[in-house]
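With full-length UniProt numbering as the guide, the letters of the sequence shown map in order to residues 27 to 427. Using N, Cα and C, we set each Cβ at its ideal position, and we do this for glycine too. Quick caveat, the model's predicted, so the values are computed rather than measured.
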Amino acid sequence: AIDISSLRAKTGYITIDEGFKNTGSTTSDITFLDGEEGILRYRGYSIEDLADKADFLEVAYLLIYGELPTAAEYDVFVAKITKHTMVNEDMRKIFDGFPVNAHPMGIMSALASAMSGFYPDSFDDKKPDNTELHIIRLLAKFPTLATWCYKKSQGHPINYPKNELDYCSNFLHMMFALPVENYKVDPKVSSALNKLLILHADHEQNCSTSTVRLVGSSKANIYSSISAGISALWGPLHGGANQEVIEMLEEIRNDGGDVQKYIDKAKDKNSGFRLFGFGHRVYKNFDPRAKIIKKAADDVLSLLGVNDPVLEIAKGLEEAALKDEYFVSRKLYPNVDFYSGIIYRALGIPTNMFTVMFAIGRLPGWIAQWLELRDQKQAIGRPRQIYTGPTIKDFVEKSKR
Ligand code: ACO
27 AIDISSLRAK TGYITIDEGF KNTGSTTSDI TFLDGEEGIL RYRGYSIEDL ADKADFLEVA
87 YLLIYGELPT AAEYDVFVAK ITKHTMVNED MRKIFDGFPV NAHPMGIMSA LASAMSGFYP
147 DSFDDKKPDN TELHIIRLLA KFPTLATWCY KKSQGHPINY PKNELDYCSN FLHMMFALPV
207 ENYKVDPKVS SALNKLLILH ADHEQNCSTS TVRLVGSSKA NIYSSISAGI SALWGPLHGG
267 ANQEVIEMLE EIRNDGGDVQ KYIDKAKDKN SGFRLFGFGH RVYKNFDPRA KIIKKAADDV
327 LSLLGVNDPV LEIAKGLEEA ALKDEYFVSR KLYPNVDFYS GIIYRALGIP TNMFTVMFAI
387 GRLPGWIAQW LELRDQKQAI GRPRQIYTGP TIKDFVEKSK R
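What follows is the structure, given as structure tokens:
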């Protein structure tokens with residue numbers, strides 16, 4: 027039998043921190059987060075200021091290059107992105123193979139990974155460093171690919187990008203314009219989308235970002251690393267929660283609107299049910315993004331004249347949860363996903379696209395973190411374990427088992 031104590035002597039002691047609740051994986055200059063005080067800053071700029079005053083591509087530039095762009099730098103950045111919004115027609119062949127009801131996050135992850143096949147210099151160290159071009163391509167083509175998913179689900183032809191429009195308006199155009207209709211992007215809708223994307227743009231070492239960094243640490247190319255991040259984001263405990271929230275709120279509404287019943291269900295550990303959009307690994311006071319989004323939900327709905335009854339259900343649920351000892355003692359507050367779906371819905375975005383919207387917002391953060399990891403020249407990410415299986419077994423021939 028293997029002598030575990032001699033193994034320990036060889037490997038040293040290993041710390042177990044399941045879920046990495048208290049383990050830092052890196053140093054980073056990108057995002058500052060204080061969970062106790064509810065503070066979030068990108069490169070030193072407060073999320074409140076950025077969400078209020080900035081443009082999504084300005085924030086993308088800030089995250090990726092480290093400082094807000096000058097007007098001239100911004101124009102060059104936007105021009106580069108605009109030049110790359112079209113997607114290689116051969117990507118359509120991959121896309122066309124998906125069934126009409128495929129979840130858009132599955133498609134997005136596959137297409138992001140497929141991009142490495144179209145740009146093979148992204149994984150060849152010997153070629154000149156085209157990283158900036160790959161970054162531009164990702165930022166430019168991601169919204170185009172996302173709108174393909176929606177168009178497919180509707181049975182509509184895709185819309186090509188309209189490059190005279192800004193980033194958010196172009197996305198809305200590709201989503202909603204029909205050849206027969208003279209669709210005009212509503213600036214109120216575009217501005218609400220801009221705010222949401224900024225709020226999602228980075229959030230230090232969350233599950234999807236850590237995934238991007240871990241995959242990137244093996245020197246995998248940027249497209250594959252981002253594809254892995256999309257897959258991680260899809261889970262209902264992470265970005266997928268925004269879809270779950272709306273589905274939960276609808277269920278509560280259809281069930282008579284009794285929020286207390288659902289709070290009680292979430293408190294019952296045997297129910298397997300959690301209040302989606304509540305709780306956060308780091309925020310133990312409030313999520314500053316949720317605060318901004320809650321106000322934005324009110325503003326956007328009234329500006330667009332939308333009356334969505336689930337907004338009242340959401341507010342009632344929040345109010346009841348914040349009075350409940352279970353939620354108070356565990357410091358469970360609404361997170362970024364709680365009210366975002368209500369805004370997406372008011373903007374006409376269907377539920378199964380909510381997590382894709384999150385991914386479009388998070389893309390600059392993933393890119394910035396991937397770049398930082400590469401520049402830090404970190405060792406490959408390779409966590410350890412403590413083995414708890416059998417020590418050693420004698421092999422028995424199949425016929426004798
Ligand atoms: N509903 C009911 N109980 C909850 C909830 C919830 N939403 N969230 C946490 N709890 C309880 C847990 O059961 C646990 O209780 P216990 O101490 O009695 O065992 C306690 O609160 C602590 O929860 P953990 O799961 O240990 O907290 P963790 O930091 O691991 O998880 C998470 C954070 C995943 C966000 C969790 O709060 C959750 O599942 N929330 C619902 C899903 C969600 O909204 N995800 C989006 C997060 S934001 C984002 O990723 C963009």
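| Asked | Found |
| --- | --- |
| If G64 and Y309 are in contact, beta carbons under 8 Å, what's the gap, nearest whole angstrom? | 6 Å |
| If you follow the beta strand (DSSP E) that F58 is part of, which residue opens it and which one closes it? | 57 to 60 |
| Just checking L66 against the ligand ACO - is the residue's beta carbon closer than 7 Å to any of the ligand's heavy atoms? | no |
| Could you check whether the Cβ of F124 sits closer than 7 Å to any heavy atom belonging to the ligand ACO? | no |
| Let me know the secondary structure DSSP gives S72 once reduced to three states. | strand |
| Exposed or buried, T49, counting other C-beta atoms within 10 Å across all chains shown (16 or more means buried)? | exposed |
| Rounded to whole angstroms, what's the CA-CA distance from S216 to F299? Just pull it up for me. | 35 Å |
| So what's L373 in DSSP terms, helix, strand or just coil? | coil |
| Just to confirm before moving on: does the CB-CB distance between A258 and S234 stay below 8 Å? | yes |
| What is the DSSP secondary structure of L66, counted as helix, strand or coil? | strand |
| I want to know whether the segment 154 to 174 touches the segment 98 to 113 - three or more CB-CB distances under 8 Å. | yes |
| At a threshold of 7 Å, does F380 count as lining the ligand ACO (C-beta to nearest heavy atom)? | no |
| Inspect the beta-carbon positions of Q395 and I56 and report whether they are closer than 8 Å. | yes |
| Pop quiz: H129 and F384 are said to be a contact at Cβ under 8 Å. What is the actual Cβ separation, rounded to whole angstroms? | So it is not a contact: roughly 14 Å between Cβ atoms. |
| With DSSP as the reference, label F304 as helix, strand or coil. | strand |
| On the premise that E74 lies in contact with I318, defined as a C-beta separation below 8 Å, what is that separation, rounded to the nearest angstrom? | 7 Å |
| I'd like to check one pair, I369 with A340: are the Cβ atoms closer than 8 Å? | no |
| Please name the residue or residues paired with P360 in a DSSP beta bridge. | F304 |
| Evaluate the contact criterion for the segment 375 to 382 versus the segment 173 to 185: three or more CB pairs, one atom per stretch, below 8 Å. | yes |
| Based on Cα-Cα distance, which residue from A246, G123, P183 lies nearest to F149? | A246 |
| For V126, which option in L76, I278, P262, Q180 has the closest C-alpha, if you only look at C-alpha atoms? | Q180 |
| Would the segment 352 to 367 count as touching the segment 264 to 275 if we require 3 or more Cβ pairs under 8 Å? | yes |
| Identify the continuous alpha helix (DSSP H) that holds V215 and give its terminal residues. | 213 to 225 |
| Can you tell me where the alpha helix (DSSP H) holding Q180 begins and where it ends? | 157 to 180 |
| Take V271 as the anchor and find which of A138, P360, G331, I248 has the nearest alpha-carbon. | P360 |
| Residues in its own chain within less than 7 Å of A77 by CB, not counting five upstream and five downstream? | K221, I224, L225, I318 |
| Could you tell me the distance, in whole angstroms, from the CA atom of M379 to the CA atom of M131? | 8 Å |
| How long is the line joining the alpha carbons of V238 and W392, rounded to whole angstroms? | 7 Å |
| Only counting the same chain, and skipping five residues up and downstream in sequence, which positions put a Cβ closer than 7 Å to that of T381? | M131, L259, W260, G265, G266, N268, Q269 |
| Secondary structure at L88, three-state DSSP: helix, strand or coil? | helix |
| May I have the straight-line CA-CA distance separating L327 from G342, to the nearest angstrom? | 17 Å |
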